[in-house]
Amino acid sequence: MSAKAFAVGFRVEHPQAMIDRIQYGPMAGKGLPPASYRLAARAPSGRGVYSFCMCPGGEVMNAASGEGQSTVNGMSARARNSGFGNSGVVASIAPAEFGQAGGEEGGPLAGIGFQEEIERRAFDRGGGGYGVPAANLLAFVRGKTLPPSPGRLLAPRVVPVDLRGILPGALEEDLRFGLLRFGGAMRGFLTPEATLYAVESRTSSPVRIERSNYESVTHKGLYPVGEGAGHAGGIVSSAVDGIRAALRILETYSS
1 MSAKAFAVGF RVEHPQAMID RIQYGPMAGK GLPPASYRLA ARAPSGRGVY
51 SFCMCPGGEV MNAASGEGQS TVNGMSARAR NSGFGNSGVV ASIAPAEFGQ
101 AGGEEGGPLA GIGFQEEIER RAFDRGGGGY GVPAANLLAF VRGKTLPPSP
151 GRLLAPRVVP VDLRGILPGA LEEDLRFGLL RFGGAMRGFL TPEATLYAVE
201 SRTSSPVRIE RSNYESVTHK GLYPVGEGAG HAGGIVSSAV DGIRAALRIL
251 ETYSS
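Counting with the numbering used here, you get residues 1 to 255 for the letters of the sequence shown.
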């Protein structure tokens with residue numbers, strides 16, 4: 001196994017009607033489906049900042065899965081009629097940076113240590129009761145503290161906090177730069193009506209199981225595939241990776 005680059009940040013939520021107006025203009029509200037968006041920027045440091053898993057008409061979900069840790073995710077039901085749209089807004093982080101959050105430096109599990117550390121920070125910032133830390137998007141970008149706008153209610157609760165300092169300083173600054181660029185690309189994106197939730201930390205696996213021709217380099221007959229093995233970054237890419245691995249297995253054992 002080896003440590004692998006991934007991305008972390010926050011999840012941002014806007015009123016869906018606002019996203020529709022930005023994307024559709026005068027056609028908003030005239031029978032078109034809830035609008036989505038895809039945004040990307042490159043910070044002066046070279047770090048990529050991008051939107052991730054945009055959920056039109058969806059919900060921000062409390063996705064905590066470890067004791068004393070907090071993380072969020074997003075989802076849309078089939079009707080996409082929640083009245084809000086949300087998306088991850090994340091920045092890439094390389095294995096060489098994993099020690100910045102006070103976690104382990106080096107080793108194949110260093111990324112998991114980094115991930116757990118920022119989730120513990122989010123948990124502590126939320127008051128230690130599995131509340132979801134949240135802040136006003138515009139205030140975060142401007143380096144100020146304002147209460148979050150009224151968004152969807154999460155279980156068990158949303159806790160208004162200052163999100164600064166949960167992420168490593170350089171990554172936070174690059175994320176702020178990216179959000180400013182997003183505001184230039186989508187006029188109206190930077191609004192006091194938008195809320196940031198912490199922390200989006202499960203974009204992809206921070207560890208990779210090494211393989212050659214889809215087969216493990218250390219365990220013959222084992223084919224590590226998909227997102228959990230560190231070879232894909234989502235549902236579709238995982239499916240494609242699985243299909244290609246299956247074809248490789250058929251080729252190997254039918255000859």
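For every residue, glycine included, the Cβ atom is placed at its ideal position computed from N, Cα and C. Here the structure is a predicted model, which is why all the values come from computation and not from measurement.
1. Which runs of the beta strand (DSSP E) fall wholly inside the stretch 96-138 and span at least 3 residues, in chain order?
2. Between the C-alpha atoms of G57 and P133, what's the straight-line distance to the nearest angstrom?
3. Measure the C-alpha to C-alpha separation of L222 and F114 and round it to an integer number of angstroms.
4. Looking at the unbroken beta strand (DSSP E) that takes in E251, where does it start and where does it end?
5. How many angstroms separate the CA atom of F182 from the CA atom of L39?
6. Tell me whether G165 is buried or exposed, calling it buried when 16 or more other Cβ atoms sit within 10 Å of its Cβ.
7. Taking a contact to mean a Cβ-Cβ separation below 8 Å, would you say E13 touches Y197 in this structure?
8. Could you have a look at P15 and say whether DSSP puts it in helix, strand or coil?
9. Drop a sphere of 10 angstroms on the beta-carbon of S65, count the other beta-carbons inside from all chains shown, and report buried for 16 or more, exposed for fewer.
10. Pick helix, strand or coil for E172, following the three-state DSSP scheme.
11. In this structure, how does DSSP classify P206 when only helix, strand and coil are distinguished?
12. The beta strand (DSSP E) that contains S87, what's its start and end?
13. Using 8 Å as the threshold, is the C-beta distance between V8 and Y50 below it?
14. Anyone know if the C-beta pair for P206 and F52 falls short of 8 Å?
15. Distance, Cα to Cα, A229 vs S201?
16. Would a C-beta distance cut-off of 8 Å place V72 and V199 closer than the cut-off?
17. Which two residues bound the contiguous beta strand (DSSP E) that contains P160?
18. Would you call the stretch 174-191 in contact with the stretch 22-33, where contact means no fewer than 3 C-beta pairs closer than 8 Å?
19. Given G242, which residues of its chain have a CB within under 8 Å of its CB, disregarding the five upstream and five downstream residues?
20. According to DSSP, simplified to helix, strand and coil, what is M186?
21. So F177 and A43 are supposed to be a Cβ contact under 8 Å. How far apart are they, rounded?
22. Helix, strand or coil, according to DSSP, for V141 in the structure here?
23. Does the Cβ of I235 have 16 or more other Cβ atoms within 10 Å, making it buried, or fewer, making it exposed?
24. For the beta strand (DSSP E) containing A40, list its first residue and its last residue.
25. Run through the DSSP bridge pairs and tell me what E335 is partnered with.
26. Given that a residue counts as buried once 16 or more other Cβ atoms are within 10 Å of its Cβ, and exposed if not, what is V161?
Taking the definition as stated:
1. 132-136
2. Here residue 57 refers to the residue found at position 57 when the sequence shown is read from its first residue. Here residue 133 refers to the residue found at position 133 when the sequence shown is read from its first residue. Distance between the alpha carbons of G57 and P133: 21 Å.
3. The count along the sequence shown starts at 1 and reaches residue 222 at position 222. The count along the sequence shown starts at 1 and reaches residue 114 at position 114. Taking the CA atoms as reference points, L222 sits about 28 Å from F114.
4. Counting from 1 along the sequence shown, the entry for residue 251 is found at position 251. Annotation for E251: no beta strand (DSSP E) segment contains it, though the alpha helix (DSSP H) segment containing it runs I235 to S254.
5. Residue mapping note: residue 182 aligns to position 182 of the sequence shown, counting from 1. Residue mapping note: residue 39 aligns to position 39 of the sequence shown, counting from 1. Looking at the two C-alpha atoms, the distance is approximately 6 Å.
6. As a position in the sequence shown, residue 165 is number 165, starting the count at 1. Burial call: exposed.
7. Taking the first residue of the sequence shown as 1, we reach residue 13 at position 13. Taking the first residue of the sequence shown as 1, we reach residue 197 at position 197. It is a contact, given that the beta carbons lie within the stated cut-off.
8. As a first step, residue 15 is located in the sequence shown; it is residue number 15 there, counting from the start. Correct three-state label for P15: strand.
9. Mapped onto the sequence shown, residue 65 falls at position 65. Result: exposed.
10. For the purposes of this step, residue 172 is taken as residue 172 along the sequence shown, with counting starting at 1. It is helical.
11. Taking the sequence shown and counting its residues from 1, the one referred to as residue 206 is at position 206. In this structure, P206 counts as coil in the three-state DSSP scheme.
12. Within the sequence shown, residue 87 is the residue found at index 87, counting from 1. That run of the beta strand (DSSP E) goes F84 to I93.
13. The residue labelled residue 8 in the question sits at position 8 within the sequence shown. The residue labelled residue 50 in the question sits at position 50 within the sequence shown. Not closer than 8 Å, so no.
14. Locating residue 206 in the sequence shown gives position 206, where the first residue counts as 1. Locating residue 52 in the sequence shown gives position 52, where the first residue counts as 1. No, the pair does not count as a contact, with Cβ atoms beyond the cut-off.
15. As a working mapping, residue 229 is identified with position 229 in the sequence shown. As a working mapping, residue 201 is identified with position 201 in the sequence shown. Whole-angstrom Cα-Cα distance: 17 Å.
16. For the purposes of this step, residue 72 is identified with residue 72 of the sequence shown, where counting begins at 1. For the purposes of this step, residue 199 is identified with residue 199 of the sequence shown, where counting begins at 1. Yes, the Cβ-Cβ distance between V72 and V199 is below 8 Å.
17. Numbered from its first residue, the sequence shown carries residue 160 at position 160. Segment V158 to P160, the beta strand (DSSP E) holding P160.
18. A contact is defined here as three or more CB-CB pairs under 8 Å, and the stretch 174-191 meets this definition with respect to the stretch 22-33.
19. Mapped onto the sequence shown, residue 242 falls at position 242. Here the set comprises V225 and G226.
20. For the purposes of this step, residue 186 is taken as the residue at position 186 of the sequence shown. If DSSP states are grouped into helix, strand and coil, M186 belongs with coil.
21. In the sequence shown, counting from the first residue as 1, residue 177 sits at position 177. In the sequence shown, counting from the first residue as 1, residue 43 sits at position 43. About 5 Å separates the two Cβ atoms, so the contact holds.
22. Position 141 of the sequence shown, counting from 1, holds the residue named residue 141. Under the three-state reduction of DSSP output, V141 falls in the helix class.
23. Numbered from 1 along the sequence shown, position 235 holds the residue referred to as residue 235. Its Cβ having fewer than 16 others within 10 Å, I235 is exposed.
24. The residue given as residue 40 occupies position 40 in the sequence shown. Per DSSP, A40 belongs to the beta strand (DSSP E) from A40 to R42.
25. Since the displayed the chain opens at 1 and closes at 255, residue 335 lies outside it and no answer follows.
26. As a first step, residue 161 must be located in the sequence shown, where it is residue number 161. The residue in question, V161, is buried, as its Cβ has 16 or more Cβ neighbours within 10 Å.
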